[in-house]
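Its first residue numbered 1, the sequence shown is counted upward by one per residue in the UniProt record's numbering. We treat Cβ as the ideally placed atom computed from N, Cα and C, and that holds for glycine. This report concerns only the one structure given below.
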Amino acid sequence: MSAKGADTGTETEKGADGGGDARTDAGAGSGAGPGASAGKKPRKNISLALQGGGSHGAFTWGVLDRLLEDEELSIEAISGTSAGAMNAAVVTSGVARGGYEGARADLETFWRAVSEAARFSPLQRSPIDILFGNWSLENSLAYMWLDMSAKMFSPYDLNPAGDNPLAAILTEVVDFKALNSSPAKLFITATNVETGQGRVFRNPDINVDVLLASACLPTIYKAVEIDGVPYWDGGYTGNPSLGPLVLECGSDDTVLVQINPVRRPGVPKTSREIANRLNEVSFNSSLMKELRMISILRKDAPEHMCEAAKWGAMRMHCIASEDMLDLDHSSKLNAEWSFMTMLRDLGREAASAFLRKHRRDIGVRPSLDLDLFAPDYT
């Protein structure tokens with residue numbers, strides 16, 4: 001299901017439109033961007049599903065940067081979790097204030113600020129990793145200490161004030177007033193600590209605390225309380241949530257931007273390899289269930305069941321890169337600017353490859369093989 005960073009397709013990136021029954025409009029009915037100018041085809045509406053993954057979210061930055069510059073697409077809605085929630089909020093706010101170009105500029109501002117805030121963090125690559133061009137932090141003494149202390153102490157011991165540098169960055173970059181009133185739909189998932197259930201927040205209710213809750217890893221940060229309810233990272237219950245895109249949006253095309261690999265060849269043998277794979281499996285489990293439901297209902301959705309028909313009508317697409325398989329779990333805490341821009345460029349390449357290969361599928365057919373998510377009952 002991964003799309004490689006480079007694609008050998010011969011179809012040009014722009015201007016290749018295969019028609020179909022995509023829902024389009026002249027004014028980008030979501031308010032998410034410019035509509036069709038005189039003499040131009042109306043844009044095709046899509047929804048975006050953005051996974052979380054720490055600094056690997058810079059890959060999603062690159063994907064968004066490429067999609068926002070495309071003249072044939074209009075983003076109706078975004079569902080995001082953790083780092084995906086940050087990207088989603090920055091885009092929604094940026095589009096409301098300055099159109100698609102404003103959103104692209106705000107994405108760079110956000111990720112540059114994240115990198116700048118971590119410049120003097122002890123979580124830096126070791127000299128040997130820098131020498132050999134490895135992005136991992138596993139040989140960093142600070143990372144080793146963090147990994148070990150997480151087994152002995154909680155954030156309530158180490159960070160009782162609950163300080164999170166992302167709070168100031170989000171306050172500076174995101175215009176929450178514009179976001180709250182934007183017609184472009186935004187869905188952010190966080191996990192209720194007490195019930196274990198996911199909660200999806202929508203535009204009017206989204207603020208800094210909601211975004212921090214969606215990205216709250218419980219081994220690093222205290223639970224974020226919203227209206228007296230404690231929340232953890234939304235990746236445990238929806239990474240991201242597809243339901244709102246299916247049931248509350250007009251577009252039948254959803255593009256998943258995948259950060260966490262579903263498939264990883266080989267058996268993990270070291271403790272860190274096992275922990276890394278466990279993280280990938282657990283943070284993909286809820287998404288895989290929803291994708292499997294779409295697969296089943298596309299084949300056999302009862303016509304009299306409106307909700308089932310909506311799930312069955314969804315056309316899923318995916319933008320990913322096999323190069324992400326080379327990155328380990330520790331690199332999700334690597335905020336070096338050179339790493340961010342490498343991931344951004346990788347994301348742009350993956351998005352370009354997707355458009356070359358699957359642009360004509362949008363509005364016509366799903367390009368993601370959902371049978372890949374079928375459970376093995378044999």
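At the level of alpha carbons, what is the spacing between residue i and residue j?
| i | j | result |
| --- | --- | --- |
| V255 | R292 | 16 angstroms |
| L107 | V91 | 7 angstroms |
| S82 | C318 | 19 angstroms |
| D17 | L48 | Note on D17: pLDDT 40, under 50, position unreliable in the model; the coordinate value appears next. Cα-Cα distance, rounded: 19 angstroms. |
| A117 | P165 | 7 angstroms |
| E248 | Q124 | 42 angstroms |
| R104 | A178 | 16 angstroms |
| L343 | M86 | 16 angstroms |
Can you list, in chain order, the residues of its chain with a C-beta nearer than 8 angstroms to that of residue i? Leave out the 5 residues immediately preceding and following it.
| i | result |
| --- | --- |
| R268 | The question names Arg, but residue 268 is Pro in the sequence shown. I274, N276, R277. |
| A113 | I169, E172, V173 |
| E264 | Note that residue 264 is Arg in the sequence shown here, rather than Glu. Taken in chain order, the residues that qualify are R277, E280, L325. |
Among the options, which one has its Cα closest to the Cα of residue i?
| i | options | result |
| --- | --- | --- |
| F354 | M148, S126, R66, T171 | R66 |
| I169 | P261, L346, V208 | V208 |
| H329 | T109, G54, S47, L346 | G54 |
| A271 | A190, N334, K41, M144 | Residue identity check: residue 271 is Ser in the sequence provided, not Ala. Cα-wise, what sits closest to S271 is M144. |
| G238 | R365, C216, T189 | T189 |
| I259 | A85, L333, L370, G52 | G52 |
| P127 | S115, S140, F120, R119 | S140 |
| M340 | E280, K41, F110, A89 | F110 |
| W135 | A161, E336, F373, L297 | E336 |
| G94 | A161, F120, S182, L346 | S182 |
I'd like to know whether the C-beta of residue i is nearer than 8 angstroms to at least one C-beta of chain B.
| i | result |
| --- | --- |
| A168 | Among the protein chains of the structure shown there is no chain B, as only one such chain exists. |
Ignore the nearest five residues each way along the sequence and tell me which others in residue i's own chain have a CB closer than 7 angstroms to its CB.
| i | result |
| --- | --- |
| I130 | none |
| L137 | L123, R125, Y143, S330, S331, L333, N334 |
| T191 | G198, Y231, W232, D233, G234, Y236, T237 |
| L73 | R43, K44, I46, L67 |
| P366 | R315, M316, H317 |
Based on the DSSP secondary-structure assignment, which residues constitute the bridge partners of residue i?
| i | result |
| --- | --- |
| G198 | T191 |
| A77 | S47, K185 |
| T254 | S47, M316 |
| V229 | I226 |
In its own chain, which residues sit with a C-beta less than 6 angstroms from the C-beta of residue i, not counting the 5 before and 5 after it?
| i | result |
| --- | --- |
| F283 | G235, N239, N260 |
| V200 | F187, T189, S241, P244 |
| S295 | L370 |
| N180 | N203, P204 |
Within the chosen definition, does the region 277-292 reach the region 59-69 through at least 3 CB pairs nearer than 8 angstroms? no
Check whether the region 221-235 and the region 185-199 are in contact - that is, three or more C-beta pairs closer than 8 angstroms. yes
Validate contact between the region 242-259 and the region 70-87 using beta carbons, cut 8 angstroms, 3 pairs: yes
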